[in-house]
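In my numbering, the protein residues as written are 5 to 64. Where a beta carbon is used, it is the ideal one built from N, C-alpha and C, also for glycine. To start, the structure under review is shown below, and the notes come after it.
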Amino acid sequence: MSEHESAPAKKGSGWLNVLVDYGPLLVFLGVYRWNAPAEPNPADEILAIIYGTGAFMAAA
Numbered sequence: 005m006s007e008h009e010s011a012p013a014k015k016g017s018g019w020l021n022v023l024v025d026y027g028p029l030l031v032f033l034g035v036y037r038w039n040a041p042a043e044p045n046p047a048d049e050i051l052a053i054i055y056g057t058g059a060f061m062a063a064a
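Written as structure tokens, this is what we have:
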């Protein structure tokens with residue numbers, strides 16, 4: 005390819021990029037919210053964070 009030729013323009017994929025970027029974050033927040041304790045309890049808060057992190061890792 006010479007210097008004057010340019011590569012074809014890439015077509016944007018729209019919502020797919022947004023889903024790939026923010027999907028794991030939404031999964032983390034949803035799982036954390038689902039497992040968060042009703043009463044303040046440090047052990048249950050940590051457990052909810054661990055579950056959310058595991059779900060985030062699976063979604064990413």
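With a CB to CB cut of under 6 angstroms and the five nearest residues on each side skipped, what residues in its chain are close to residue i?
i	result
Val35	Tyr55, Gly56, Ala59
What number of angstroms, rounded off, separates the C-alpha of residue i from the C-alpha of residue j?
i	j	result
Leu20	Ala52	28 angstroms
Leu29	Ala62	11 angstroms
Asn45	Ala64	28 angstroms
Ser17	Gly27	15 angstroms
Trp38	Ile50	13 angstroms
Once you ignore the five residues that flank residue i on each side, which residues in its own chain have a CB closer than 7 angstroms to its CB?
i	result
Val31	Ala59, Phe60, Ala63
For residue i, which residues of its own chain have a beta-carbon under 8 angstroms away from its beta-carbon, when the five flanking residues on both sides are left out?
i	result
Ala40	Asp48, Glu49, Ala52
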